[in-house]
Amino acid sequence: MSNVAPTRSNRQRCWDNRDLYYACLAKNSILVPPGTDMSDTKGPLGQGKFAEPSRSAAERAKIAEEERRTDPCVTERNAYEGSCAHSWVRCWPTNRLIDYFNKRRVLEERQKTFYADAEARVAARK
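The sequence shown begins at 1 in full-length UniProt numbering and counts up one residue at a time.
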């Protein structure tokens, strides 16, 4: 995209292409888009226990390019990246991961409550 502010139709095209791309990733059970450099993020994929070792920018770019070549959704990705601002393309994978882990955390809390209720019912019957 150019430096001109996107119109409503441009944004809608971007969102539609993003949704198609992420639907393709979900269909292929891919959480992080291939070739996405998550080394500068915090949390489960950035800094911490499971963080990848530090690499130079050239090494990260080479690895990202290799991963991008194996992307099963390359057609959707090209449409998505071609219709969206670079800053949007860069931030959405991080937001997607945050949303994913938040949903998992909420589900785990609901399951704990469900199991606690079930145990209380069993104890009440005895």
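Just so you know, even glycine gets a beta-carbon here, dropped at the ideal spot from N, CA and C.
Notebook entry, point to check: When you compare each of I30, I98, S54 and S87 to E67 by their alpha carbons, which one comes out closest?
Noted result: Here residue 67 refers to the residue found at position 67 of the sequence shown. Closest option to E67, Cα to Cα, is I30.
Notebook entry, point to check: Do you know how far the Cα of E81 is from the Cα of T94?
Noted result: Locating residue 94 in the sequence shown gives position 94, where the first residue counts as 1. Locating residue 81 in the sequence shown gives position 81, where the first residue counts as 1. Those two C-alpha atoms are separated by around 16 Å.
Notebook entry, point to check: Are G35 and A79 touching if we call contact CB-CB under 8 Å?
Noted result: Position 35 of the sequence shown, counted from the start, is the residue given in the question as residue 35. Position 79 of the sequence shown, counted from the start, is the residue given in the question as residue 79. It is not a contact, given that the beta carbons lie outside the stated cut-off.
Next item on the list: Just tell me which of S9, S56, V32 and K126 has its CA closest to the CA of Y100.
Entry: Residue 100 sits at position 100 when you count from the first residue of the sequence shown. Out of S9, S56, V32 and K126, the CA that lies nearest to the CA of Y100 is found in V32.
Notebook entry, point to check: By DSSP, does V4 sit in helix, in strand, or in coil?
Noted result: By one-based count along the sequence shown, residue 4 stands at place 4. The answer is coil: DSSP assigns V4 none of H, G, I, E or B.
Next item on the list: Could you tell me the boundaries of the alpha helix (DSSP H) in which I30 lies?
Entry: The residue you call residue 30 lines up with position 30 of the sequence shown. Premise fails: I30 is in no alpha helix (DSSP H) and is neither H nor E.
Notebook entry, point to check: Would the beta-carbon of N17 fall within 8 Å of that of C73?
Noted result: Position 17 of the sequence shown, counted from the first residue, corresponds to residue 17. Position 73 of the sequence shown, counted from the first residue, corresponds to residue 73. No. Outside cutoff.
Margin query: If you measure between the beta carbons of Y21 and R96, is that distance less than 8 Å?
Written below: Taking the sequence shown and counting its residues from 1, the one referred to as residue 21 is at position 21. Taking the sequence shown and counting its residues from 1, the one referred to as residue 96 is at position 96. Taking 8 Å as the cut-off, the beta carbon of Y21 is found no closer than this to the beta carbon of R96.
Check: Between W88 and C24, is the Cβ-Cβ spacing less than 8 Å?
Finding: Locating residue 88 in the sequence shown gives position 88, where the first residue counts as 1. Locating residue 24 in the sequence shown gives position 24, where the first residue counts as 1. For W88 and C24, no; Cβs fall outside 8 Å.
Next item on the list: Leaving out five residues on either side along the sequence, give the residues of the same chain with a beta carbon under 6 Å from the beta carbon of G48.
Entry: The residue you call residue 48 lines up with position 48 of the sequence shown. A caution first: G48 carries a pLDDT of 49, below 50, which makes its placement in the model unreliable, though a value can still be read off. Cβ within range, chain order: n/a, list empty.
Checklist line | Alpha-carbon to alpha-carbon, L107 and E119 | finding: Here residue 119 is taken as the residue at index 119 of the sequence shown, counted from 1. Here residue 107 is taken as the residue at index 107 of the sequence shown, counted from 1. Roughly 18 Å between the two C-alpha positions.
Next item on the list: Can you give me the start and stop residues for the alpha helix (DSSP H) that S87 sits inside?
Entry: By 1-based counting over the sequence shown, the position of residue 87 is 87. First-last of the alpha helix (DSSP H) with S87: H86 to R125.
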